[in-house]
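Participant: Attaching a single structure in structure tokens format; questions to follow.
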Amino acid sequence: MSGHSKWATTKHKKAALDAKRGKLFAKLIKNIEVAARTGGGDPEGNPTLYDAIQKAKKNSVPQDNIERARKRGAGEEAGGADWQNITYEGYAPGGVAVLIECLTDNKNRAASEVRTALTRNGGSLADPGSVAYLFNRKGVVIMPKNGLSEDDVLMAVLDAGAEEVNDLGENYEIISEAGDLVAVRTALQDAGYDYESADMNFLPSVNVPLDAENARKVFRLIDALEDCDDVQNVYSNFDVSDEVLAEVG
């Protein structure tokens, strides 16, 4: 297991703390609203909306907030914003590539926030296409082990299109093609296995190893980007060894 995966798992746990500040709640609510607008307000017929709602529930977003966001997106209730998806590309210290997914109702504000977060933390914006080719869109499911072996999980999801199952310590990470994400998630449900999240993520095809100094700088930059209101997801291609991760703390 790479240090990157361990770090991602730590960030996953940190989400509960972020929720207390309302940051995570706001991002999850926006995802529900956009999913309902683009694919319809029925979760059973809109897998993206279903997963957005499940993720919100697993992060303790109140049901009333979830339902209001679904209705706004579906046009059943007034007040929905004109959300737009924008992806920025950039570089972090150490030659690390970053993809920044934004969901915003103000493109100028989003661009300014992203640029400021990058430049204040040793990074820079890149031209479109400069780093995107280093990433592949994949389906990623995170599930708690709950006493299951890797083989148990693999048997449940292999026919659904899963490509690999990775041991993240307390959890398993299941990777698939983006188009197979719903099938993999459904296979887990059919097998009676609980999962924590099911998302389409950008995974790097080439990793950049970092020493402790650059790792601290990259972590600081990613934290700054994730603190931006319009930023939904940040993907990067850094890799840190277990030794460096322990040194960084």
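For the sequence shown, UniProt numbering gives the first residue as 1, with consecutive numbering after it.
Beta carbons are placed, not taken as given, at the ideal position from N, Cα and C, and that holds for glycine.
Small disclaimer: the values here were computed from a predicted structure and weren't measured.
Between the region 53-63 and the region 173-184, are three or more C-beta pairs nearer than 8 angstroms?
Facilitator: In short, these stretches do not touch, since the Cβ pair count stays below three.
Participant: Consult DSSP for ASN108 and reduce its assignment to one of helix, strand or coil.
Facilitator: If DSSP states are grouped into helix, strand and coil, ASN108 belongs with the helices.
Participant: Which residue from LEU221, ALA246, VAL244 puts its Cα closest to that of ALA97?
Facilitator: Of the listed residues, the one whose Cα sits closest to ALA97 is LEU221.
Participant: Drop a sphere of 10 angstroms on the beta-carbon of ALA78, count the other beta-carbons inside from all chains shown, and report buried for 16 or more, exposed for fewer.
Facilitator: Exposed: under 16 other Cβ atoms inside 10 Å.
Participant: Out of GLU101, ARG137, TRP83, state which residue places its alpha-carbon closest to the alpha-carbon of GLU226.
Facilitator: Cα-wise, what sits closest to GLU226 is GLU101.
Participant: Cα-Cα, which of LEU188, ALA160, THR119, ASP167 is closest to VAL218?
Facilitator: When each option's Cα is compared against that of VAL218, the closest is THR119.
Participant: Are the CB atoms of GLY90 and ALA132 within a distance shorter than 8 angstroms?
Facilitator: Cβ atoms of ALA132 and GLY90: not closer than 8 angstroms.
Participant: Using only alpha-carbon positions, find the residue among GLU113, GLY95, LYS145 that is nearest to GLY122.
Facilitator: Comparing Cα-Cα distances from GLY122 to each of GLU113, GLY95, LYS145, the minimum goes to GLY95.
Participant: Do you know how far the Cα of ALA52 is from the Cα of ASN31?
Facilitator: So the alpha carbons of these two residues sit roughly 6 angstroms apart.
Participant: In this structure, how does DSSP classify LYS13 when only helix, strand and coil are distinguished?
Facilitator: Bear in mind that the predicted position of LYS13 carries a pLDDT of just 48, short of 50, making it unreliable; the figure below should be weighed with that in mind. DSSP places LYS13 in helix when its eight states are reduced to three.
Participant: Cα-Cα, which of VAL234, LEU24, SER236, TYR50 is closest to THR186?
Facilitator: Residue TYR50 is the option with its Cα nearest to THR186.
Participant: Quick one: Cα of GLY75 to Cα of GLU44, how far?
Facilitator: Cα to Cα, GLY75 sits roughly 17 angstroms from GLU44.
Participant: What span of residues does the beta strand (DSSP E) with TYR172 cover, start to end?
Facilitator: Its beta strand (DSSP E) spans residues 171-177.
Participant: Does DSSP put SER2 in a helix, a strand or coil?
Facilitator: With a pLDDT of only 46 at SER2, under 50, the local geometry of the prediction cannot be trusted, and the value read off the model is given with reservation. If DSSP states are grouped into helix, strand and coil, SER2 belongs with coil.
Participant: Under a Cβ-count criterion, where at least 16 other Cβ atoms within 10 Å of its own Cβ denotes burial, should MET143 be classed as buried or exposed?
Facilitator: It is buried - the Cβ of MET143 has at least 16 other Cβ atoms within 10 Å.
Participant: Between the C-alpha atoms of ALA212 and ALA224, what's the straight-line distance to the nearest angstrom?
Facilitator: Roughly 18 angstroms between the two C-alpha positions.
Participant: Could you tell me the distance, in whole angstroms, from the CA atom of GLU164 to the CA atom of VAL240?
Facilitator: Answer to the nearest angstrom: the Cα atoms are 21 angstroms apart.
Participant: One question on the structure: do ASN171 and GLU150 come within less than 8 angstroms of each other, judged by their Cβ atoms?
Facilitator: Result no, Cβ atoms of ASN171 and GLU150 do not sit closer than 8 angstroms.
Participant: Give, in chain order, every unbroken run of the beta strand (DSSP E) that is at least 3 residues long and sits entirely within the UniProt domain "TACO1/YebC-like second and third" (84-238).
Facilitator: Here the runs fully enclosed are 84-92, 96-104, 124-126, 135-144, 162-167, 171-177, 197-204, 231-236.
Participant: Grab me the residues of CYS228's own chain with a C-beta within less than 7 angstroms of its C-beta, minus the 5 sequence neighbours each way, in chain order.
Facilitator: Cβ neighbours of CYS228 beyond the five flanking positions: GLU113, VAL114, ALA117.
Participant: Let me make sure I understand the geometry here. Which of VAL248, LEU154, ASP230, PHE238 has the alpha-carbon closest to that of ILE29?
Facilitator: Residue ASP230 is the option with its Cα nearest to ILE29.
Participant: Would you mind stating whether GLU177 and GLY147 have Cβ atoms separated by less than 8 angstroms?
Facilitator: The answer is no: Cβ separation not under 8 angstroms.
Participant: Using CA coordinates, which residue listed in GLY169, ASN85, ALA69, ASN108 is at the minimum distance from GLN232?
Facilitator: Minimum Cα distance to GLN232 is reached at ASN85.
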